[in-house]
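Trainee: Numbers 22 to 227, taken from our numbering, label the letters of the sequence shown in order.
Idealized CB from N, CA, C, for every residue including glycine.
Predicted model, so just to flag it, every value in this text is computed and none were measured.
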Amino acid sequence: MGAIPDTLAQRACDLAAPVAGAVESRSLASDPVAVAARGAGSEPSRPVDARLARDERFMRIALDEARAAERFDEVPIGAVVVIGERVIAAAHNLTRTHTDPTNHAELLALSRAARTLGVARLVDAEVFTTVEPCFMCAGALLHARVKRVVWAVRDPKFGGCVSLGHVLSDERANHRAEIHEGVCADQARELLQSFFRKKRGSPEGS
Ligand SMILES: [Zn+2]
22 MGAIPDTLAQ RACDLAAPVA GAVESRSLAS DPVAVAARGA GSEPSRPVDA
72 RLARDERFMR IALDEARAAE RFDEVPIGAV VVIGERVIAA AHNLTRTHTD
122 PTNHAELLAL SRAARTLGVA RLVDAEVFTT VEPCFMCAGA LLHARVKRVV
172 WAVRDPKFGG CVSLGHVLSD ERANHRAEIH EGVCADQARE LLQSFFRKKR
222 GSPEGS
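1) Report yes or no: do the segment 141-160 and the segment 81-94 share at least 3 C-beta pairs separated by less than 8 Å?
2) Taking the alpha helix (DSSP H) that E106 belongs to, which residues open and close that run?
3) Name the residue from F179, L143 and Q208 whose alpha carbon lies nearest to the alpha carbon of L162.
4) Between the C-alpha atoms of F93 and L129, what's the straight-line distance to the nearest angstrom?
5) Below 7 Å CB to CB, which residues in the same chain sit around H196 once its five sequence neighbours on both sides are set aside?
6) Within the chosen definition, does the segment 175-182 reach the segment 113-131 through at least 3 CB pairs nearer than 8 Å?
7) So if DSSP puts C155 in a beta bridge, which residue, or which two residues, is it bridged to?
8) Does ligand 1 have even one heavy atom less than 6 Å from the beta-carbon of M157?
9) In terms of residues, what are the limits of the alpha helix (DSSP H) holding R136?
10) DSSP has A71 in a bridge; who is on the other side?
11) To the nearest angstrom, report how far apart V96 and V69 are at their CA atoms.
12) What residue does the beta strand (DSSP E) around A165 start on, and which one ends it?
13) Say whether chain B places a C-beta atom closer than 7 Å to the C-beta of T116.
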């Protein structure tokens, strides 16, 4: 870890935390509600299973974006903006590439979606992201008035939705988004762990 310089070291430290078992995100496979619904017979299980399958389908696109980020030597985090069944925009972290701390996957995906649709508010949108949004991104998600935000793993050091704050659920705000976590958590966690393992093992450390 000491070989990783400046901000990346901080990010590595923060996102590597789940490796040590600190992660609180839950896998839907062990979600008692989902499991109970599945075990309750064929009819009641369908809505839960259908929603999970849909969430996983879009999260897999976000995971593909995260893998693309890694090819740019960016922390592997990806996000997609969905309306209905249509992917409006997808993006991955570009903070190092653009030397811009605001270039998080969620912000970039939101901006692209807004430009694509020609609107500043994405009221029917769902955002799927591989890591819990930070305060900056959660704030942008509120400004965009998105309907629902789904993430794979929590970020115990930067997460603004459940870990360090509840930006998307604050009753005082004039907008709240439905949130859901733990979708494809194992894959997202493995991507992060693998990325930071390589960083620690590289001669330059970055
Ligand atoms: Zn962010």
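Mentor: To lay it out plainly:
1) Yes: the two stretches touch, three or more of their Cβ pairs being nearer than 8 Å.
2) Taking the first residue of the sequence shown as 1, we reach residue 106 at position 85. Counted as a single uninterrupted DSSP element, the stretch harbouring E106 is not any alpha helix (DSSP H), since DSSP gives it neither H nor E.
3) As a working mapping, residue 162 is identified with position 141 in the sequence shown. It is L143 whose Cα lies nearest to the Cα of L162.
4) As a position in the sequence shown, residue 93 is number 72, starting the count at 1. As a position in the sequence shown, residue 129 is number 108, starting the count at 1. Approximately 15 Å, taken between the alpha carbons.
5) The residue labelled residue 196 in the question sits at position 175 within the sequence shown. Result list for H196: L163 and R166, in chain order.
6) Because the criterion of three Cβ pairs below 8 Å is not met, the segment 175-182 and the segment 113-131 do not touch.
7) Here the question's residue 155 lines up with position 134 in the sequence shown. In DSSP, C155 forms a bridge with G180.
8) Taking the sequence shown and counting its residues from 1, the one referred to as residue 157 is at position 136. Checking the Cβ of M157 against ligand 1 gives yes.
9) For the purposes of this step, residue 136 is taken as residue 115 along the sequence shown, with counting starting at 1. Judged by DSSP secondary structure, R136 falls within the alpha helix (DSSP H) whose first and last residues are A126 to L138.
10) To locate residue 71, count along the sequence shown from 1; it is residue 50. DSSP, once it has assigned bridges, lists no residue as partnering A71.
11) As a position in the sequence shown, residue 96 is number 75, starting the count at 1. As a position in the sequence shown, residue 69 is number 48, starting the count at 1. Spanning the two alpha carbons is a distance of roughly 32 Å.
12) Translated into the one-based positions of the sequence shown, residue 165 becomes position 144. No beta strand (DSSP E) holds A165; DSSP gives it neither H nor E.
13) Absent from the structure is chain B; it holds one protein chain and no more.
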